[in-house]
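The sequence shown begins at 1 in UniProt numbering and counts up by one. To start, the structure under review is shown below, and the notes come after it.
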Amino acid sequence: MKPTQILKKELFLADIELKRYVSSCPRRYKRYPIDKRSGGKRIIAQPTPDLKAVQRLLVSQFLEKCLQVHECAMAYQVGKSIVDNAKIHSKNSYLLKMDFKDFFPSIRSKDLCHLLVAQGHLDQGDEIELRTISRVFFMLENDELVLSVGAPSSPFISNALLFEFDTIADEYCKEHGISFSRYSDDLTFSTNIKDALFAVPGFIKEALKAMEYPSLLVNDGKTVFSSRAHNRHVTGITLTNDGKLSIGRKKKRSIRTQVFLFSASRLSTQEARSLQGYISFARSVDAAFYSSLLSKYPVAMAQLEAANFGEIN
């Protein structure tokens with residue numbers, strides 16, 4: 001079924017009602033600021049609850065049935081995580097990290113429409129369907145329909161639109177003995193071949209220029225080369241020189257301190273809830289560190305894992 005058919009069936013709307021609703025979608029967003037790691041603020045735009053439900057519906061019943069996501073895309077994929085992303089590079093000595101500039105806002109409604117038409121899923125002349133796709137999935141920003149960071153549909157759409165890029169990058173890397181993965185806008189390349197990574201930034205920029213859509217740029221300020229002589233991090237996880245993963249010394253110290261404070265009943269409910277998340281993360285990344293916590297603080301760890309933090313005083 002086409003998008004409008006799906007919506008009419010699931011939402012029980014007449015044609016004129018659906019047209020009105022679709023027209024209003026690009027403005028059904030609430031904007032709020034969040035802190036950026038590098039300092040300053042980033043504006044997040046969240047769709048209204050009803051629009052989120054509609055976006056999820058069309059992703060599951062239309063987009064996921066006709067568009068592909070490359071295996072190198074690690075973010076927002078069932079069965080994949082930041083840990084899996086880091087593992088791809090853990091055994092390699094040389095690392096390159098790159099980043100797309102203004103990733104989600106750079107993806108326009110016309111990009112998705114072009115892809116759906118090019119692959120034969122919608123017709124160029126089917127204005128109603130293309131209009132529905134454009135307005136349901138994209139928000140209005142400076143007179144343009146762009147992808148929102150906060151929409152539940154944006155991750156799949158961005159991954160699908162980068163299938164061509166991921167394929168090109170993956171083929172290049174395989175030919176040159178390089179491991180490649182993409183976690184949303186974070187590109188990671190690694191190898192054991194000295195100097196093999198220096199040609200990658202130029203290749204990536206040329207590949208982006210050659211792509212018809214979407215129009216993406218590299219954030220040169222975030223291009224970083226590193227090796228085992230320096231600290232190496234991939235999506236927030238430290239790569240150790242013996243080929244393993246770690247949460248890093250700073251996070252370990254912080255977690256140890258927090259567990260000690262919890263054992264002394266000196267954490268607030270919010271702090272204890274946050275600590276549980278850090279411990280869960282540590283368990284998935286660094287089994288040896290997690291085991292050391294169990295050995296040193298058996299009672300506190302048992303309480304943390306069993307507790308309903310809404311009930312902690």
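Cβ coordinates follow ideal geometry from the N, Cα and C atoms, glycine included.
_So, with DSSP's three-state summary, where would you put T132?_
Counted from its first residue, the sequence shown places residue 132 at position 132. DSSP places T132 within a helical segment (H, G or I) once states are collapsed to three.
_Alpha-carbon spacing of S60 relative to K52, whole angstroms_ = Your numbering for residue 60 matches position 60 in the sequence shown. Your numbering for residue 52 matches position 52 in the sequence shown. Cα-Cα distance, rounded: 12 Å.
*Beta-carbon proximity list for I312, same chain, < 6 Å, skipping 5 on both sides*: To locate residue 312, count along the sequence shown from 1; it is residue 312. Note that I312 scores 42 on pLDDT, short of 50, meaning its location in the model is unreliable and no value can be drawn from it.
*Assigned secondary structure, K296 (DSSP; H/G/I helix, E/B strand, else coil)*: As a position in the sequence shown, residue 296 is number 296, starting the count at 1. In the structure shown, K296 sits in a helix (DSSP, three-state: H, G or I).
*From the DSSP output, in three-state form, read off L122 for me.*
Residue numbering aside, residue 122 sits at position 122 when the sequence shown is read from its first letter. In the structure shown, L122 sits in coil (DSSP, three-state: anything other than H, G, I, E or B).
*To the nearest whole angstrom, what separates the beta carbons of Y29 and S148, a pair I think is in contact under 8 Å?*
Walking along the sequence shown from the start, residue 29 turns up at place 29. Walking along the sequence shown from the start, residue 148 turns up at place 148. With a Cβ gap of about 6 Å, Y29 and S148 count as contacting.
_With DSSP as the reference, identify every bridge partner of A45, one or two as the case may be._
Taking the sequence shown and counting its residues from 1, one reaches residue 45 at position 45. BP columns for A45 point to R31.
*Helix, strand or coil for Y183, going by three-state DSSP, please let me know.*
Here residue 183 refers to the residue found at position 183 of the sequence shown. Three-state result, Y183: strand.
_Quick check on I43: buried or exposed, where buried means 16 or more other Cβ atoms within 10 Å of its Cβ?_
On the sequence shown, residue 43 is found 43 positions in, with the first residue counted as 1. Under this definition I43 is an exposed residue.
*Cβ atoms of N85 and T191: under 9 Å apart, would you say?*
For the purposes of this step, residue 191 is taken as residue 191 along the sequence shown, with counting starting at 1. For the purposes of this step, residue 85 is taken as residue 85 along the sequence shown, with counting starting at 1. The criterion of a C-beta distance shorter than 9 Å is not satisfied by T191 and N85.
_So, with DSSP's three-state summary, where would you put L147?_
Numbered from its first residue, the sequence shown carries residue 147 at position 147. Three-state DSSP puts L147 in coil, outside helix and strand.
*asked:* For residue 318, count the other beta carbons within 10 Å of its own beta carbon; 16 or more makes it buried, fewer makes it exposed. Which is it?
replied: It is not possible to answer for residue 318, since the shown part of the chain is limited to 1 through 313.
*Excluding five sequence neighbours on each side, which residues of the same chain lie with their C-beta closer than 8 Å to the C-beta of G236?*
Reading the sequence shown from its first residue, position 236 is the one you call residue 236. Within the same chain, G236 has close Cβ partners I82.
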